[in-house]
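S.K.:
6 protein chains.
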Amino acid sequence: MREDRKADELRPISIDTSFNRYAEGCALISFGHTRVLCTASVEEKQPPFLRATEQGWVTAEYGMLPRATHSRGGREAARGKQGGRTVEIQRLIGRSLRAVVDLDMLGPRSISLDCDVLQADGGTRTAAITGCWVALRIAVNKMLTDGTLEQDPVIGQLAAVSCGLVDGQALLDLQYSEDSRAEMDANFIMTPEGGVIEVQATAEDKPLHWDQFMQLKALADKGIGDLAAIQNEAVAKS
Amino acid sequence: MREDRKADELRPISIDTSFNRYAEGCALISFGHTRVLCTASVEEKQPPFLRATEQGWVTAEYGMLPRATHSRGGREAARGKQGGRTVEIQRLIGRSLRAVVDLDMLGPRSISLDCDVLQADGGTRTAAITGCWVALRIAVNKMLTDGTLEQDPVIGQLAAVSCGLVDGQALLDLQYSEDSRAEMDANFIMTPEGGVIEVQATAEDKPLHWDQFMQLKALADKGIGDLAAIQNEAVAKS
Amino acid sequence: MREDRKADELRPISIDTSFNRYAEGCALISFGHTRVLCTASVEEKQPPFLRATEQGWVTAEYGMLPRATHSRGGREAARGKQGGRTVEIQRLIGRSLRAVVDLDMLGPRSISLDCDVLQADGGTRTAAITGCWVALRIAVNKMLTDGTLEQDPVIGQLAAVSCGLVDGQALLDLQYSEDSRAEMDANFIMTPEGGVIEVQATAEDKPLHWDQFMQLKALADKGIGDLAAIQNEAVAKS
Amino acid sequence: MREDRKADELRPISIDTSFNRYAEGCALISFGHTRVLCTASVEEKQPPFLRATEQGWVTAEYGMLPRATHSRGGREAARGKQGGRTVEIQRLIGRSLRAVVDLDMLGPRSISLDCDVLQADGGTRTAAITGCWVALRIAVNKMLTDGTLEQDPVIGQLAAVSCGLVDGQALLDLQYSEDSRAEMDANFIMTPEGGVIEVQATAEDKPLHWDQFMQLKALADKGIGDLAAIQNEAVAKS
Amino acid sequence: MREDRKADELRPISIDTSFNRYAEGCALISFGHTRVLCTASVEEKQPPFLRATEQGWVTAEYGMLPRATHSRGGREAARGKQGGRTVEIQRLIGRSLRAVVDLDMLGPRSISLDCDVLQADGGTRTAAITGCWVALRIAVNKMLTDGTLEQDPVIGQLAAVSCGLVDGQALLDLQYSEDSRAEMDANFIMTPEGGVIEVQATAEDKPLHWDQFMQLKALADKGIGDLAAIQNEAVAKS
Amino acid sequence: MREDRKADELRPISIDTSFNRYAEGCALISFGHTRVLCTASVEEKQPPFLRATEQGWVTAEYGMLPRATHSRGGREAARGKQGGRTVEIQRLIGRSLRAVVDLDMLGPRSISLDCDVLQADGGTRTAAITGCWVALRIAVNKMLTDGTLEQDPVIGQLAAVSCGLVDGQALLDLQYSEDSRAEMDANFIMTPEGGVIEVQATAEDKPLHWDQFMQLKALADKGIGDLAAIQNEAVAKS
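Protein chains in written order, with the numbering used here: chain F, 1 to 238; chain G, 1 to 238; chain B, 1 to 238; chain V, 1 to 238; chain L, 1 to 238; chain W, 1 to 238.
1) Could you tell me the distance, in whole angstroms, from the CA atom of ILE230 (chain W) to the CA atom of ALA159 (chain W)?
2) In angstroms with no decimal places, state the Cα-to-Cα distance between ILE155 (chain W) and SER96 (chain W).
3) Pull up the distance between the alpha-carbon of SER30 (chain B) and that of ALA127 (chain B), whole angstroms please.
4) Let me know the beta strand (DSSP E) ranges lying completely inside the region 103-138 of chain F, each 3 residues or longer, listed in chain order.
5) Using C-beta distances below 7 Å, list every residue in its chain close to GLU150 (chain F), excluding the 5 sequence neighbours before and after it, in chain order.
6) How would you call THR148 (chain G), buried or exposed, if buried means at least 16 neighbouring beta carbons within 10 angstroms?
7) Would you report the Cα separation of GLY39 (chain B) and ALA135 (chain B), rounded to the nearest angstrom?
8) For SER112 (chain B), would you say it is in contact with chain F, using Cβ-to-Cβ distances shorter than 8 Å as the test?
9) Does any C-beta atom of chain W lie closer than 8 Å to the C-beta of ALA99 (chain V)?
10) List, in chain order, every chain G residue whose beta-carbon is nearer than 7 Å to that of GLN293 (chain V).
11) Which residues does DSSP list as the beta-bridge partners of ALA203 (chain L)?
12) Excluding the 5 residues flanking TRP133 (chain W) on each side, which residues of the same chain have their C-beta closer than 8 Å to its C-beta?
13) Taking a contact to mean a Cβ-Cβ separation below 8 Å, would you say ALA201 (chain V) touches ALA182 (chain V) in this structure?
14) On the DSSP letters alone, give me the boundaries of the beta strand (DSSP E) that GLN244 (chain W) sits inside.
15) Taking ASP152 (chain F) as the reference, give the member of F:VAL161, F:GLY164 and F:ALA139 with the closest Cα.
16) Could you give the C-beta distance for PRO47 (chain B) and GLY32 (chain B), rounded to a whole number, given that I count them as a contact under 8 Å?
17) With distance defined between alpha-carbon atoms, name the residue in F:PRO66, F:GLY223 and F:GLU61 nearest to GLY164 (chain F).
18) Please report whether the beta-carbon of HIS70 (chain V) lies at a distance below 8 Å from any beta-carbon of chain W.
19) Establish whether the CB of HIS209 (chain G) and some CB of chain V are separated by less than 8 Å.
20) Strictly below 8 Å CB to CB, what residues from chain F border GLU88 (chain G)?
21) Helix, strand or coil, according to DSSP, for ARG91 (chain G) in the structure here?
22) Report back the beta-carbon spacing between ASP226 (chain B) and LEU10 (chain B) to the nearest angstrom; my notes put them in contact at under 8 Å.
23) When the Cα atoms are used, what is the spatial distance from GLY194 (chain V) to ASP173 (chain W)?
24) So GLY253 (chain F) is in the beta strand (DSSP E); what residue range does that whole segment cover?
25) Find the nearest neighbour of VAL58 (chain W) within the set W:LYS142, W:LEU103 and W:VAL166, judged by alpha-carbon distance.
26) Cβ of ARG21 (chain L) within 8 Å of Cβ of GLN119 (chain W)?
27) Residues of chain G with CB under 8 Å from VAL134 (chain F), in chain order?
28) Pull the bridge partners of ILE189 (chain B) from the DSSP assignment, please.
29) So with CB distances below 7 Å, who are the chain V contacts of THR257 (chain W)?
30) Answer yes or no: do ASP116 (chain W) and GLY63 (chain W) have a C-beta to C-beta separation smaller than 8 Å?
31) How big is the Cα-Cα spacing for THR124 (chain W) and ARG35 (chain W)?
32) So is LYS206 (chain F) in contact with chain G if we call contact Cβ pairs under 8 Å?
33) Could you tell me which of L:MET143, L:ARG85, L:ARG72 and L:LEU92 sits nearest to GLY107 (chain L), measuring between CA atoms?
34) Below 8 Å on C-beta distance, what does SER177 (chain F) contact in chain B?
35) How is ARG72 (chain G) classed by DSSP in three states: helix, strand or coil?
36) Please go through the same chain and pick out, in chain order, the residues whose beta-carbon is closer than 7 Å to the beta-carbon of TYR176 (chain G), but skip the five residues on each side of it.
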């Protein structure tokens, strides 16, 4: 059993939208001890593969400070290469956010989402996605306010949460001590209305039953709703 | 509507286990025009992070020949870097196969699965995983026959198949012309008994309903069963 | 003339030693809007070149988040290479700190100082050095308390500050708007007692007079004293 | 003495021009157990150094699948670098083919020859060159047929074969078991008429006599003739 | 005490401006056994970041032959990366030279200074800077003579020298045997008139007194004057 | 016709064995304006792949200073990668020298030959090989003299020379202005007694006749003899 919260309860969530004074949108998001700084940077240029079009782009990069974790990990810039896990996560973040942005309506510009993990206690990718939506929403709101954009290209809201089976019990929003011994680990990226954007579920040691996966889905529905409310509050206050 | 097969039908599948004469296990697998050469190489050494243990390891690498596709793509070795898609796929392949291998029982050795796409018409990662299980099974059978292993470390069978929503219709085993315009694309890696190893579903343009995802799951159940039978036949004949 | 502070005045300085819960020592240091997260990580292993000795090592790495600055800069990990400026700064940080540590007394272990710039408004390298001493001091204090070390290998205190000539006037602790139009830029790394650890002065456009350099030195003496007091307070409270 | 063929006899040679359905020209060539997939890709763009001209270009890349050999070799894409042997071979292939193409007549386009070794039993570079000529010939024939080209830029035929001194005996077309103990190893790239395109001869352990080299040349003359006939047959059937 | 020269004496200095026949300016400079080949290459193109301007650029690259030193060091090109020391030195060289060049007057062209250390016995960076000024001066003189430039963009002269405290004694122009045991090492880049371009002083083991630094400055004043005279003689004879 | 020398005449050759004071063997070799610094470095360690044996190794690295040529070329260390031409040449140099060294007799140590082109006017690889033999011979002589070696592992002499067909005429030792318009370019690495170590001949534009190649061979025989005499003289004087 979890010591300090219920199986279907999120860790304490907080979002600080004023941590960085330069970015067009910012969200320093905490899921318990996990803390990710998300910034949205708007640039009036397109990536090369869109040059002949009027379309915009949304992309993401992810990194972890060397001492975000219990023991120090190497610095990717010093090794000269982003690790496979980093690449996989940043591709997921970018792909998810693009699913709620109308790139034609965004016009010939780019929004780069940078997710830097300042402290890691499990769930960094779901925190990053949830924070990025806030940073993106704020950056686009500014463009709507200052007249850069006339129509809102953000066509929906999304949040992300992890769920897992630990000792046979389905738990919402795993912290590291739970994640490291989970039998199944799943990440759900969904809209508050229950729309599916991306689902990834991985059995760790042996195949699992489909109904176990469906228990995780039920937890995710609750978590996404809670996160969406906190996102909206943060955007409103920003 | 599909022209030449039913919505719940696989493309013609073939597996040639004799294409490579050196590897301990081999499967040249075709899903229609998609053709992937999978080899299993057994080495009597452990990766560095297992040095202090008696455990074995299973890992995978994935590559695509430059002209596997309609137009020529760059050669990753020449660019000096594996792309993000490659890294993501090879991590998925390795993780999936490890879920059906008892690494303690494998003992202090490594099995490397190399998946090289000779021709690509959609579904290369699911073909690769399905072929790798065959190559792995053959390689382990040899070790059981020659006495290297006493007990079978392969604790289950798995296959993989893609499903997608195209023009609102759920289709099994997408070819490239379907995949490139799918609204949702999902990959299921499962056991013939219906156990879940990994599920990944991605909405391409906008969020989708959960029951659409469940339609894809139903197709996958059928496809995995068909693939498992073909795998077993190929292993038996090898 | 400066608007909001005197020529020989530092920007508001703050040091938070509790921002990171995992590192052996931590200092989130702010020089005005410049904000650098410094962590000290102790590892019980030596770098390869010291293997045959009983000596320890202190090293530093420096990085800047992509949106630490007014406009987004590229991510070094994504480019696959640390830039020349980064390499130059991290070598300076490591060299400076080693000048106040007795490496024999430290024993066969390493302390890695990670300096990650969360926001940059000039003076990031001097903030990093000043913060690193705090993180190092705290990490070593823990080792003295828990008995890992019997004698204190930190043989002195140091702080760092930038000074510059702007429109002919000598100014202490340049912010970016000053730094970018300075005729001379100098960094002083010194002890509170006035000992010299490293001095670097660079004329930007044309050669300058030695007595102009000496004016900067006089400002640095004052700044170093102020910083040392703030460091001691932060260590005491940690 | 050789067990299964005469000193001046090639291994069984086969060429399959239909293995890849996308490339403009294709030759899956076998010299005994050595099997190389050669594709010719035509692109309507010039390399940067020819931008100001109307000239075309022919280039080649070479790679070996990790398990093409008896024991697994590393994957160059994963190591982030092509090895010296690879670079040397692909430069040789490109240079040789350019010697039989009139680049002005080819016009402002590129032909990329990709040589991927699926299985290696000695002589991979000579098989690759011999196969590339077939793939190139087929690709250019298509351009002549569809009117892209009016005149044939392929001004000659070429083939390549290795010869070596093994236990003092001159042998044609070495397989790996011979190659690995040869005293001298020579590669001849020639036209069916006896024209020299490239010759490379290397003494392995000690200097050798010139008349030994001349014996190898005599074998090459025969081998090139045999290969040219097989090439012509493959092109005719394609 | 020094064996063979006084504390304020340079090593024998020589400059050969004819060693390389292709470069626009050349100086093979020796400070005792330290020997650096400096070439200035003029190219009629700007670096990318100046494209929209009429300004020129001066940049430098530094390298050391593998056996320039007592024992062989690795080749940076083979390792695939310039070391931190190399990067730091070449940035210093470029920055210093730009301080005596009017980049607007130079016009839309680049001068690349290549410094290759053929033999190293301490002081390679100061020899390089001193030699580069000669190579630059000669290259610009040619452009003035042939009419490429109408006005002289070289607005001043500079030279560089190292000084250090060894066994408590201040010494000019350290050779390796002195440099390796110095308590403080300082590099002065100055004009013959005493103008400061760059000063870098580093305490090796423990903080030092400011008046010790001032002793080094006094030595540098003398050394810079001597070097400037030798530079002028070399330029006059070239 | 050549202006200043006969068709079968070498350019002026000189070898300076005292240019570098640290290397165990050194030869600064000039073939006309081509000038290559060759050093031999002896290290008492084996490469990893020989660890279990008592055998030694001889290897070579090649580089060209950026301004060795008429116009400046990029620095390979700065690009982060050795070019294909560099890799090809250094492999050739190492392979050739190993053909005249008994690696068992050399014992468990390595000799690294560094070839750095200070000025390039054609024939840099043949100059490098010819110079390396001198540097190697001197280094091994020292080991024989000081008792490190008892028996001489250098089992033969070698030199290298280029020959080419220019306007239909066979010429010995091409300079750049000849090399750049040669119809065939050949490099011969041979012993003074006429033994073949490596031969490489390349037709530039179109296939050539075998008897043209034989004319080049005749010139090489003469050139190798002349070079061997100059090598012996240089070794004797060193």
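C-beta: ideal position from N, C-alpha, C; glycine also.
M.R.: Quick answer:
1) Along the sixth sequence, read from residue 1 onward, the residue named residue 230 (chain W) stands at position 230. Along the sixth sequence, read from residue 1 onward, the residue named residue 159 (chain W) stands at position 159. Between ILE230 (chain W) and ALA159 (chain W), the C-alpha separation is close to 10 Å.
2) The sequence position of residue 155 (chain W) within the sixth sequence is 155, counting from 1. The sequence position of residue 96 (chain W) within the sixth sequence is 96, counting from 1. Rounded to the nearest angstrom, the two C-alpha atoms are 13 Å apart.
3) Translated into the one-based positions of the third sequence, residue 30 (chain B) becomes position 30. Translated into the one-based positions of the third sequence, residue 127 (chain B) becomes position 127. Put simply, the backbone Cα of SER30 (chain B) is about 7 Å away from that of ALA127 (chain B).
4) Within the region 103-138 of chain F, the complete beta strand (DSSP E) runs of at least 3 residues are 110-119.
5) Here residue 150 (chain F) is taken as the residue at index 150 of the first sequence, counted from 1. Nothing listed; no residue qualifies.
6) Here residue 148 (chain G) is taken as the residue at index 148 of the second sequence, counted from 1. It counts as exposed.
7) The residue given as residue 39 (chain B) occupies position 39 in the third sequence. The residue given as residue 135 (chain B) occupies position 135 in the third sequence. Before going on, a small fix: residue 39 (chain B) reads as Thr here, not Gly. Cα to Cα, the separation comes out at about 6 Å.
8) To locate residue 112 (chain B), count along the third sequence from 1; it is residue 112. Flagged as an interface residue toward chain F: SER112 (chain B), by a C-beta distance shorter than 8 Å.
9) Residue 99 (chain V) sits at position 99 when you count from the first residue of the fourth sequence. Yes, its Cβ sits closer than 8 Å to a Cβ of chain W.
10) Look at the range of chain V in this structure, 1 to 238, and you will see that residue 293 (chain V) is not part of it.
11) As a working mapping, residue 203 (chain L) is identified with position 203 in the fifth sequence. In DSSP, ALA203 (chain L) forms a bridge with L:MET184.
12) Position 133 of the sixth sequence, counted from the first residue, corresponds to residue 133 (chain W). Within the same chain, TRP133 (chain W) has close Cβ partners LEU97, VAL100, GLN157, LEU158, ALA159 and GLN231.
13) Here residue 201 (chain V) refers to the residue found at position 201 of the fourth sequence. Here residue 182 (chain V) refers to the residue found at position 182 of the fourth sequence. Contact: no.
14) An answer regarding residue 244 (chain W) cannot be provided, because it is not within the stretch 1 to 238 covered by chain W.
15) Mapped onto the first sequence, residue 152 (chain F) falls at position 152. Among F:VAL161, F:GLY164 and F:ALA139, the Cα nearest to that of ASP152 (chain F) belongs to F:ALA139.
16) By one-based count along the third sequence, residue 47 (chain B) stands at place 47. By one-based count along the third sequence, residue 32 (chain B) stands at place 32. Going by Cβ atoms, the distance from PRO47 (chain B) to GLY32 (chain B) rounds to 35 Å, so no, they are not a contact pair.
17) For this step, residue 164 (chain F) is matched to residue 164 along the first sequence. Selected option, being the one with the closest Cα: F:GLY223.
18) Start at 1 with the first residue of the fourth sequence, and residue 70 (chain V) comes out as number 70. HIS70 (chain V) does not count as touching chain W.
19) Here residue 209 (chain G) is taken as the residue at index 209 of the second sequence, counted from 1. Output row for HIS209 (chain G): interface = no.
20) Here residue 88 (chain G) corresponds to residue number 88 of the second sequence, with the count starting at 1. What GLU88 (chain G) touches in chain F: GLY84, VAL87, GLU88 and ARG91.
21) Taking the second sequence and counting its residues from 1, the one referred to as residue 91 (chain G) is at position 91. ARG91 (chain G): helix per DSSP, three-state reduction.
22) Residue 226 (chain B) sits at position 226 when you count from the first residue of the third sequence. Residue 10 (chain B) sits at position 10 when you count from the first residue of the third sequence. The beta-carbon distance between ASP226 (chain B) and LEU10 (chain B), rounded to whole angstroms, is 6 Å. This is short enough to meet the 8 Å contact definition.
23) By 1-based counting over the fourth sequence, the position of residue 194 (chain V) is 194. By 1-based counting over the sixth sequence, the position of residue 173 (chain W) is 173. Approximately 26 Å, taken between the alpha carbons.
24) For chain F, the structure presents residues 1 to 238; residue 253 (chain F) sits outside this window and is missing.
25) By one-based count along the sixth sequence, residue 58 (chain W) stands at place 58. Comparing Cα positions, the closest option is W:LEU103.
26) Translated into the one-based positions of the fifth sequence, residue 21 (chain L) becomes position 21. Translated into the one-based positions of the sixth sequence, residue 119 (chain W) becomes position 119. For ARG21 (chain L) and GLN119 (chain W), yes; Cβs fall inside 8 Å.
27) As a working note, residue 134 (chain F) is residue 134 in the first sequence. Neighbours of VAL134 (chain F) on chain G: none; closest Cβ ~18 Å, over 8 Å.
28) Numbered from its first residue, the third sequence carries residue 189 (chain B) at position 189. For ILE189 (chain B), the beta-bridge partners assigned by DSSP are B:ALA160 and B:GLU198.
29) This structure does not reach residue 257 (chain W), given that chain W is present from 1 up to 238, and the question cannot be answered.
30) For this step, residue 116 (chain W) is matched to residue 116 along the sixth sequence. For this step, residue 63 (chain W) is matched to residue 63 along the sixth sequence. Contact: yes.
31) As a position in the sixth sequence, residue 124 (chain W) is number 124, starting the count at 1. As a position in the sixth sequence, residue 35 (chain W) is number 35, starting the count at 1. Our two residues, THR124 (chain W) and ARG35 (chain W), have alpha carbons roughly 8 Å apart in a direct line.
32) As a position in the first sequence, residue 206 (chain F) is number 206, starting the count at 1. The C-beta of LYS206 (chain F) comes closer than 8 Å to at least one C-beta of chain G.
33) Start at 1 with the first residue of the fifth sequence, and residue 107 (chain L) comes out as number 107. Distance from the Cα of GLY107 (chain L) is smallest, within the candidate group L:MET143, L:ARG85, L:ARG72 and L:LEU92, for L:MET143.
34) Here residue 177 (chain F) refers to the residue found at position 177 of the first sequence. Chain B residues near SER177 (chain F): none, gap ~13 Å exceeds 8 Å.
35) Residue mapping note: residue 72 (chain G) aligns to position 72 of the second sequence, counting from 1. The answer is coil: DSSP assigns ARG72 (chain G) none of H, G, I, E or B.
36) As a first step, residue 176 (chain G) must be located in the second sequence, where it is residue number 176. If we look at TYR176 (chain G) and ignore the five residues flanking it on each side, its Cβ neighbours are ASP121 and GLY122.
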